[in-house]
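Numbering (my numbering), first residue to last: 3 to 827.
Structure representation (structure tokens):
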């Protein structure tokens, strides 16, 4: 029995709050039998898993996540290619997405109210605790230290407490008449209620993590707030024991509530900032309308759900309406705004035979279109899928953060335990309040949120920014590798040039009829995807009339051409010779079209007069194209291409960055040199006449020299080199093989996207380093401060409340720093 095909699935994972959570879920999934690769996205709360369907299933993956202490939801079903679901069934996909967004909004509002309520009660409990402070204020200040630093920072604890007590007695005199034990009892009840509601998620996840041998941010929050509440509860319930052992009756209910409140507030602010980073991603699917106007067989119009459309259906798109799904124009003419896809502000004229992309906007005239792809399977859905996959992959810097986070929480718990023991050992029972405060501060201030968000937050904003600029990144690694590139290889046809050559000259050999040769060549080339093939077909249509040729082999329509435009000679046995040309049987004739090398390889003699003409064409920058009928050279065509308008400026921008720019082409030397001169590439940086294997060898040779290569191409012959290079970039409109072999797709046919991508990659790298450096440096400085290393000299001890505020601020700073990339490049 053959092995099952690998399957990739993305599903929601709930309950993750830091990098340790992400890493633990990811490791558990990777340990599942049959799993080939697992990537967990902390920001999107998703897991993307590639697995062998013969060894495991989606249900097994969901069970693995739930067994790890987190929750997971199976992915929503999508309509298949042969689905015949009606509108009532297909509306479920939209309804499910709407319900998910509603649930997310409800959860956000609940989190916000919990944060507000907890912070408010925390402030109130601090006020109520003033009569209980005595000589031990909850915010330990600098109390005695010589020098200007101490003078700038120090405030006498006794004078501070006197001022606070005096002000409170004037404002709330009744508070001081309440017995201290009753105040502690009220604080106990209020704190217990809030910890059981707003703080329940942290304790539940901490317990689940403990059962599965995992420690994360929830562990630290639960330990910190739980310890503050537990110690204070003991003081409240058994005050005589503490008094008998000389321990002050200090309580930390306010600290427990404010710690929880600041953590929740940090979660609210992070959630709000994260929603900004994913807004463009979620907005992609919202571009498609929910309803389309289908043209029924009897000519009537019917409003149907988008998922009810099937390939072959006719749809009416009115002026101002959005194109519902991918298709092609059948009737009508209009200008379509494709800026959401290409970034180009000017609408593109569309007429019969032109392709349409779902989500773009029809601006002027009415169009009738034929559906080519179902909803959820078109260009928009593919872009959405690639963005999610790219944001779910791990960059090399993220892998470093994951390794640090894996051991971070256990180390912090150990430091907290050592801090508590050291304080008791040095100060005895009387130092128990200080020992307790320092331990809680260490646990709280070290929550690894900032470290977990450092890299993925930057990557998410960068990939979203790239999509708005017309740059589609297939992986996070590509974005990070791009900033290391020092050599750029540019294909010629379809990359530096428009890829839509035209036939400038057509010369037949003596004894051949021009119309017959042109008809045979066009019939052969109609089955090819090469840009030169389209030029031959177009010149044949122009000279012999439209509707003459029809390919026998199904193929992707050439630019400006649609199915049904060609009809006549039967083409059989079509065979493409990559880098040389093509051959086939056209009716009773064997037709071969391609380079001189192809004809010579087949033993076909080249007429001397046409050879001289071919040399002149090549010197002028045209590409000679030979046609042979039944083993005899019959004609020579001269094809020329137009340089893209932005190619010269893009090459200059790349050279200004210090990059080596090389023209890599399968065309002859003279044609390649002519194009290179037009765009500003030096003659010694031109490598011409290379086949696909030769392009691959060039990339490998440069890599052996220590070069980091960016390969830019658009054709099948570029695919091996695109896959081999550190970063492969495919042009818009390129073949599917080239797009799938590349790491980045330029959604608009403009080489100006290359320097833009390099600038975005550089800015992303800087932001990631800043985020990771801040997150790591913050913990290296904050943890010793919270432990009390400055107390012996400066008498500085960080309050648990201030520690929680600093922790929330560190996480928020990382997200806000990442949002700067929204205006990058």
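The beta-carbon is built from N, C-alpha and C at its ideal position, and this holds for glycine as well.
Cβ neighbours of residue i in the same chain (closer than 6 Å, five flanking residues each side left out)
| i | result |
| --- | --- |
| residue 535 | 527 |
| residue 594 | 585, 630 |
| residue 350 | 338, 340 |
| residue 83 | Only weak support exists for where residue 83 lies, its pLDDT of 39 falling under 50; the value from the coordinates is given anyway. Cβ within range, chain order: n/a, list empty. |
| residue 688 | 665, 674, 675, 678 |
| residue 577 | 585 |
| residue 623 | 673, 676 |
| residue 194 | none |
| residue 731 | 714, 744, 746 |
Same chain, Cβ closer than 7 Å to residue i, five either side skipped, listed in chain order
| i | result |
| --- | --- |
| residue 607 | 635 |
| residue 11 | 51, 60, 77 |
| residue 824 | 463, 467 |
| residue 14 | 47, 48, 74, 75 |
| residue 645 | 498, 499, 677, 680, 681 |
| residue 66 | 30, 31, 34 |
| residue 332 | 316, 354, 370, 371, 372 |
| residue 294 | 306, 308, 311, 317, 326 |
| residue 133 | 177, 178, 182, 185 |
| residue 18 | 24, 27, 44, 47, 72 |
| residue 767 | 482, 485 |
| residue 575 | 586, 587 |
Assigned secondary structure, residue i (DSSP; H/G/I helix, E/B strand, else coil)
| i | result |
| --- | --- |
| residue 370 | strand |
| residue 39 | strand |
| residue 628 | strand |
| residue 294 | strand |
| residue 422 | helix |
| residue 715 | strand |
| residue 682 | coil |
| residue 324 | strand |
| residue 782 | helix |
| residue 75 | strand |
| residue 532 | coil |
| residue 570 | Confidence at residue 570 is low in this model, with a pLDDT of 43, below 50, so the placement of that residue should be treated as unreliable; the coordinate-derived value is given next. If DSSP states are grouped into helix, strand and coil, residue 570 belongs with coil. |
| residue 436 | helix |
| residue 749 | coil |
| residue 376 | coil |
| residue 516 | helix |
| residue 49 | strand |
| residue 604 | coil |
| residue 701 | helix |
| residue 14 | strand |
Status (buried if at least 16 other CB within 10 Å, exposed otherwise) for residue i
| i | result |
| --- | --- |
| residue 298 | exposed |
| residue 300 | exposed |
| residue 148 | Since pLDDT at residue 148 reaches only 33, below the 50 mark, its modelled position is unreliable, and no value is offered. |
| residue 252 | buried |
| residue 173 | exposed |
| residue 112 | exposed |
| residue 107 | exposed |
| residue 819 | buried |
| residue 425 | buried |
| residue 602 | exposed |
Option in the options with minimal Cα separation from residue i
| i | options | result |
| --- | --- | --- |
| residue 197 | 265, 244, 246, 319 | 265 |
| residue 33 | 312, 15, 434, 70 | 70 |
| residue 582 | 575, 667, 296 | 667 |
| residue 789 | 207, 446, 335 | 446 |
| residue 417 | 433, 437, 426, 441 | 441 |
| residue 190 | 173, 213, 236 | 236 |
| residue 257 | 121, 27, 179 | 121 |
| residue 491 | 759, 231, 711 | 711 |
| residue 260 | 779, 231, 245 | 231 |
| residue 328 | 335, 362, 296 | 362 |
| residue 68 | 211, 519, 522 | 211 |
| residue 480 | 793, 41, 763, 192 | 763 |
| residue 541 | 590, 199, 507, 239 | 507 |
Spatial neighbours of residue i in its chain, beta-carbon cut-off 8 Å, leaving aside the 5 residues before and after
| i | result |
| --- | --- |
| residue 695 | 722 |
| residue 703 | none |
| residue 58 | 34, 35, 36, 37 |
Mind pulling the beta strand (DSSP E) runs of 3 or more residues that sit fully within the region 461-504?
473-475, 489-493
Completely contained alpha helix (DSSP H) runs for the region 621-666, where each covers 4 or more residues:
649-658
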